[in-house]
Amino acid sequence: CSPQLDYAAISIEVVKTLEVELIEILDSYRRFIGECYPEPDTEDFASKALLAFLQGGKPPTLGAISYLFRKPKNPDDPLLSSLHQYLATLPNAEFLTSNRFAKKGLQRVGHKYRNGGAHDSPIDMATCMEGVKLIVGSIEDPGFLARVVSGRNGEQQGG
Numbered sequence: 495c496s497p498q499l500d501y502a503a504i505s506i507e508v509v510k511t512l513e514v515e516l517i518e519i520l521d522s523y524r525r526f527i528g529e530c531y532p533e534p535d536t537e538d539f540a541s542k543a544l545l546a547f548l549q550g551g552k553p554p555t556l557g558a559i560s561y562l563f564r565k566p567k568n569p570d571d572p573l574l575s576s577l578h579q580y581l582a583t584l585p586n587a588e589f590l591t592s593n594r595f596a597k598k599g600l601q602r603v604g605h606k607y608r609n610g611g612a613h614d615s616p617i618d619m620a621t622c623m624e625g626v627k628l629i630v631g632s633i634e635d636p637g638f639l640a641r642v643v644s645g646r647n648g649e650q651q652g653g
């Protein structure tokens, strides 16, 4: 009986690539807004993470990004409203803020293809390949990564 190979390193790197591209979107928001960002009207962890990032701190985690890109639960929060006004100017805004991606997709990516291998258990080949298919995709069926970077050429098209 041969031992199961652990594909966690590959799976985690693919997830990290997606995370880097999402942080680039937040970084473009930070460059766009400069130092004139509104204070958040909430104490939730995602807003705190975004505020810390805007103030020069570490970028939000993938988990916080999942919450930041979702339609705000509190539409009166000035910081989240500002972020979503910016996201709305990107050509891929509908995808970025969709429940399929921002809620279900990023949670699945974080839990199944990153956290499992990073914290407790090996990631088998089938799970790794499933993650690669979802995140990277193929030429015929682009994954999350292609859809995230598709806004890159036209960043800040609107107002």
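In the numbering used here, the protein residues as written are 495 to 653. Glycine included, C-beta positions come from ideal geometry on N, C-alpha and C.
Open item on the list: Considering just the uninterrupted stretch of the alpha helix (DSSP H) at Arg-641, what are its terminal residues?
Closed with: Position 147 of the sequence shown, counted from the start, is the residue given in the question as residue 641. Per DSSP, Arg-641 belongs to the alpha helix (DSSP H) from 638-643.
TODO: Name, in chain order, the residues that DSSP records as bridge partners for Gly-631.
DONE: Position 137 of the sequence shown holds residue 631. Note: Gly-631 sits in a beta bridge opposite Pro-636.
Open item on the list: Please report the distance separating the alpha-carbon of Pro-569 from that of Leu-544.
Closed with: One-based indexing of the sequence shown puts residue 569 at position 75. One-based indexing of the sequence shown puts residue 544 at position 50. Their Cα atoms are separated by approximately 16 Å.
- [ ] Report the option in Arg-608, Leu-577, Thr-621 and Ala-587 whose CA atom is closest to the CA atom of Lys-510.
- [x] Counted from its first residue, the sequence shown places residue 510 at position 16. Nearest option by C-alpha distance: Arg-608.
Open item on the list: For Ala-640, which residues in the same chain have their Cβ closer than 7 Å to its Cβ, ignoring the five residues on either side in sequence?
Closed with: To locate residue 640, count along the sequence shown from 1; it is residue 146. A distance below 7 Å between beta-carbons, with the five flanking residues on each side excluded, links Ala-640 to the following residues of its chain, in chain order: Gly-631.
TODO: Excluding the 5 residues preceding and the 5 following Pro-566 in the sequence, name in chain order all residues of the same chain whose CB lies nearer than 7 Å to its CB.
DONE: Here the question's residue 566 lines up with position 72 in the sequence shown. Closer than 7 Å at the Cβ level, and outside the excluded window around Pro-566, lie Leu-574, Ser-575 and His-578.
Open item on the list: If distances are taken between C-alpha atoms only, which option among Lys-627, Ile-633 and Thr-621 comes closest to Ala-502?
Closed with: Residue mapping note: residue 502 aligns to position 8 of the sequence shown, counting from 1. Selected option, being the one with the closest Cα: Thr-621.
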